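S.K.: For the record, in the sequence shown the residue sitting at position 47 is 47 according to the working numbering, with numbers rising by one throughout. All C-beta atoms in this analysis are idealised placements derived from N, C-alpha and C, irrespective of residue type, glycine included. Predicted model, so just to flag it, every value in this text is computed and none were measured.
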Amino acid sequence: MRTLILLASLLSACAATPVQVEPAPAADLATTIYVVRHAEKANDGDDPPLTHQGLARAEALAVLMAEEPLVAVYSTPFQRTQQTVAPAAAGHGLIVTDYDPRSDLPALVLDQHVGAVVLVAGHSNTVPSIVAGLGAPEQPEIPHEHYGDLYRVTRVGDEVELVIERYGD
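#1: Can you name the residues that DSSP bridges to Tyr-34?
#2: Does any residue of chain B bring its CB to less than 8 angstroms from the CB of Gln-82?
#3: Roughly how many angstroms lie between the CA atoms of Gly-168 and Val-153, to the nearest whole one?
#4: Is the Cβ-Cβ distance between Leu-150 and Tyr-34 less than 8 angstroms?
#5: Does at least one heavy atom of the ligand COA sit under 7 angstroms from the Cβ of Leu-119?
#6: Ignoring anything shorter than 3 residues or poking outside the segment 73–139, list the beta strand (DSSP E) runs there in chain order.
#7: The beta strand (DSSP E) with Leu-50 in it runs from where to where?
#8: Which stretch, first to last residue, makes up the beta strand (DSSP E) that contains Ile-142?
#9: Assuming Glu-40 is part of the beta strand (DSSP E), what are its boundary residues?
#10: When burial is assigned at 16 or more other CB atoms within 10 Å of the CB, is Pro-137 buried or exposed?
#11: Can you give the Cα-Cα distance for Val-160 and Phe-78, rounded to whole angstroms?
#12: Does DSSP put Glu-165 in a helix, in a strand, or in coil?
#13: Does the distance from the C-beta atom of Val-118 to that of Leu-70 stay below 8 angstroms?
#14: Can you tell me whether Pro-128 is buried or exposed, with buried defined as 16 or more other CB within 10 angstroms of its CB?
#15: Under 8 angstroms Cβ to Cβ from Ala-90, same chain only, skipping five residues before and after it: list those, please.
#16: Output needed for Val-163: all residues of its chain with C-beta closer than 6 angstroms, excluding positions within five of it in sequence on either side, in chain order.
#17: Taking only three categories from DSSP, how would you classify Glu-59?
#18: Just grab the DSSP bridge partners of Leu-64 for me.
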């Protein structure tokens with residue numbers, strides 16, 4: 001009988017003891033940042049909205065991002081960049097966070113979103129420096145009238161991979 005009571009006490013103590021699981025080191029986690037230039041914009045004013053074609057491209061981006069586990073969406077405060085990523089953000093229940101294009105956004109994203117998936121919208125003159133700032137091995141060149149490239153930068157430790165794909169065509 002004492003053996004049964006002792007065994008029951010030991011089992012009870014083991015069940016109540018929480019198991020400590022060590023988190024994976026940050027160097028082992030894959031961080032993926034999708035970077036896009038805004039979609040097609042109207043030709044009016046300093047802060048033009050997207051055209052109908054641009055709005056359709058933004059919806060195509062949202063469809064592409066639907067299966068991604070986005071945790072954050074960043075955009076410059078201009079209408080065209082906001083409208084480009086708004087459908088993707090809404091699909092994940094996220095708000096679009098404004099950033100200053102002169103800021104060090106890559107450092108912020110890499111510091112605050114280790115092991116996560118993030119979407120960033122910029123401009124033809126800022127996307128190349130964002131991609132380079134994320135550690136990609138090459139800087140893309142974006143002609144002024146070119147839209148629809150999606151730059152996927154994946155970092156695992158010091159390893160960086162850049163994949164460029166088209167969307168919304």
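M.R.: Judging by the given coordinates:
#1: The count along the sequence shown starts at 1 and reaches residue 34 at position 34. According to DSSP, which records beta bridges pairwise, Tyr-34 is partnered with Leu-119 and Arg-152.
#2: No chain B is part of this structure, which consists of one protein chain only.
#3: Working through the sequence shown from its first residue, we reach residue 168 at position 168. Working through the sequence shown from its first residue, we reach residue 153 at position 153. Using only the alpha carbons, I get a separation of about 19 angstroms.
#4: Position 150 of the sequence shown holds residue 150. Position 34 of the sequence shown holds residue 34. A contact, by the Cβ cut-off of 8 angstroms.
#5: In terms of ligand content, the structure shown is empty, and the ligand COA therefore cannot be addressed.
#6: 96–98 and 117–122
#7: The residue labelled residue 50 in the question sits at position 50 within the sequence shown. No beta strand (DSSP E) holds Leu-50; DSSP gives it neither H nor E.
#8: As a position in the sequence shown, residue 142 is number 142, starting the count at 1. Premise fails: Ile-142 is in no beta strand (DSSP E) and is neither H nor E.
#9: Sequence index remark: in the sequence shown, residue 40 carries index 40 (1-based). Neither: Glu-40 is in no beta strand (DSSP E) and is coded neither H nor E.
#10: The residue you call residue 137 lines up with position 137 of the sequence shown. Pro-137 is exposed by the Cβ-count criterion.
#11: Walking along the sequence shown from the start, residue 160 turns up at place 160. Walking along the sequence shown from the start, residue 78 turns up at place 78. Taking the straight line joining both Cα atoms gives about 29 angstroms.
#12: The count along the sequence shown starts at 1 and reaches residue 165 at position 165. Three-state DSSP puts Glu-165 in a strand.
#13: If you number the sequence shown from 1, residue 118 lands on position 118. If you number the sequence shown from 1, residue 70 lands on position 70. Yes, they are a contact pair.
#14: Counted from its first residue, the sequence shown places residue 128 at position 128. Classification of Pro-128: buried, given that the 10 Å Cβ count is 16 or more.
#15: The count along the sequence shown starts at 1 and reaches residue 90 at position 90. So the qualifying residues of the chain are Ala-62.
#16: Here residue 163 refers to the residue found at position 163 of the sequence shown. Once the five neighbours on either side are set aside, the close Cβ partners of Val-163 are Arg-152.
#17: What you label residue 59 is simply residue 59 of the sequence shown in a count that begins at 1. Looking at Glu-59 - three-state DSSP - the assignment turns out to be helix.
#18: Counted from its first residue, the sequence shown places residue 64 at position 64. In DSSP, Leu-64 forms no bridge with anything.
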